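What the sequence shown shows, in this note's numbering, is residues 281 to 495, in sequence order. The C-beta atom is built at its ideal place from N, Cα and C for all residues, glycine as well. Small disclaimer: the values here were computed from a predicted structure and weren't measured. Take a look at the structure set out below.
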Amino acid sequence: MSTCIVCHKPLQDAPPVVECPNGHPVHRDPCLKQWFMTGKEPQCPFCRERYPTNVQKFFDECQKERKVREQKAAEKHAAEQAKVNPAVKEKREVFQRVQNLRAQQKYDAALNLLFDIQEKYPNDPEISFQIGNTFFIQQKYGLAVNHLMKAVKIEFKQPTAFYLLTRSFMALEMPEKAAWAAERALVHLGPEETEYREFCKTVVNQKLNPSSPGT
C-alpha cells in the first residue's frame, strides 16, 4: 500500500510510517496516535493484528497522554461547575483541606471536617467515601467498611471504594465479603493492569481456587 490505511493520504506526506505484521501502513502521527488515544489495545486499525513491542511502547505513551488529557478535562469541568454551583465549590475546598490534613497525619481533624460537611450533604457519596478512606488509612477497618458501604449504596460505580472494601474485609478476615467487593471493583476498574486490579483479581481467584498457593 502507498497510502495510509487511516487517512488514505500518501505515506510520504507525514513520515514516519508504522506497519503491522501484515504490512498495513499508517502514519505514526497523527493517524496511529489518534487511533491509540481511543483504542484499548495496541492493534492495527485495519486488521486488528497486534503491533510488535516497539510500537506497543508508543501505545503506552499515547494512553498516558490520554489519561492526562482526561484528568485536565475533568478538572476543568469541576472548576466550571464550582463557578455556577456553590455546593460543588464548598465540597472541593473541604476535600482539599482533608487531603492536606491526612498528609500531616491529622486524621481526627480531617474527620471532623468531613462529618461537618456531611451534615449539610448527607447523601453525597464522595463525602462518605472520604470518611471511609480516612478510617482505612488509620487501619480502623470496621469503621471504614461502614462508610464505604454507604458510599457505594448511594453511587454504585465506585471502583476505588470497592477496592478499599476488599482490603478492609481481608484485614477483618472476611474472605467471602472481600471477594464480593473485589468482583465489583473489577467491573468498574479500567482495563489497565493496575495495582488495584491485580489485587482484586488475586482475591477473586483465591475464592475460585481455594486450594491454590497463597490462600
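Cutting at 7 Å between CB atoms, please list the residues of its own chain near residue i, excluding the five before and the five after it.
i: C284; result: L291, P305, V306, H307, C311
i: K313; result: C342
i: T495; result: Model confidence at T495 stands at a pLDDT of 39, short of 50, so the residue's coordinates are unreliable; what they give is reported in the following sentence. Once the five neighbours on either side are set aside, the close Cβ partners of T495 are Q486.
Which of the three DSSP states is assigned to residue i in this structure?
i: R328; result: coil
i: V497; result: The chain is shown from 281 up to 495; residue 497 falls before or after that span and cannot be answered.
i: E453; result: coil
i: E463; result: helix
i: G494; result: For G494, the pLDDT reaches just 47, beneath the cut-off of 50, and the residue's location in the model is therefore unreliable, although a value from the coordinates is still provided. Reduced to three states, the DSSP call for G494 is coil.
i: E435; result: coil
Going by beta carbon distance, what residues of the same chain come within less than 6 Å of residue i, once the five residues before and after it are set aside?
i: L452; result: Y421
i: Q418; result: Y387
i: M317; result: C342, R346
i: E299; result: P305
i: R349; result: none
i: W315; result: P325
i: P301; result: E329
What residue from the options has the CA that sits closest to residue i's CA?
i: V286; options: P301, C327, E321; result: C327
i: K433; options: P405, E456, Q418, L423; result: P405
i: H468; options: A389, F442, F449; result: F442
i: Q379; options: N334, T414, F449; result: T414
i: F449; options: A424, K437, V297; result: A424
i: K337; options: E329, E321, E350; result: E321
i: D340; options: A459, F416, G319, Q410; result: G319
Measuring straight from C-alpha to C-alpha, what distance separates residue i and residue j?
i: N500; j: D309; result: It is not possible to answer for residue 500, since the shown part of the chain is limited to 281 through 495.
i: C324; j: Q361; result: 39 Å
i: E456; j: E478; result: 18 Å
i: K352; j: E345; result: 11 Å
i: N392; j: R447; result: 24 Å
i: K481; j: M429; result: 20 Å
i: K437; j: S282; result: 46 Å
i: E399; j: K487; result: 39 Å
i: P295; j: L394; result: 54 Å
i: V484; j: A462; result: 6 Å
i: P402; j: V374; result: 15 Å
i: A367; j: V335; result: 46 Å
i: I411; j: L445; result: 13 Å
i: R372; j: N365; result: 11 Å
i: A458; j: F416; result: 15 Å
i: S408; j: K289; result: 53 Å
i: P332; j: G303; result: 12 Å
i: I397; j: H357; result: 22 Å
i: N489; j: T474; result: 22 Å
i: L381; j: E355; result: 21 Å
i: A359; j: E370; result: 12 Å
i: A431; j: W460; result: 16 Å
i: V297; j: E329; result: 16 Å
Please list, in chain order, all residues of the same chain as residue i whose beta carbon is under 8 Å from its beta carbon, the five residues on each side excluded.
i: Y476; result: P439, T440, Y443, A465, L469
Mind listing, in chain order, the continuous alpha helix (DSSP H) runs of no fewer than 4 residues lying wholly within the segment 301-349? 313-318
What ranges does the alpha helix (DSSP H) occupy inside the segment 380-426, keeping only unbroken runs of at least 4 residues that lie completely in it? 387-400, 405-417
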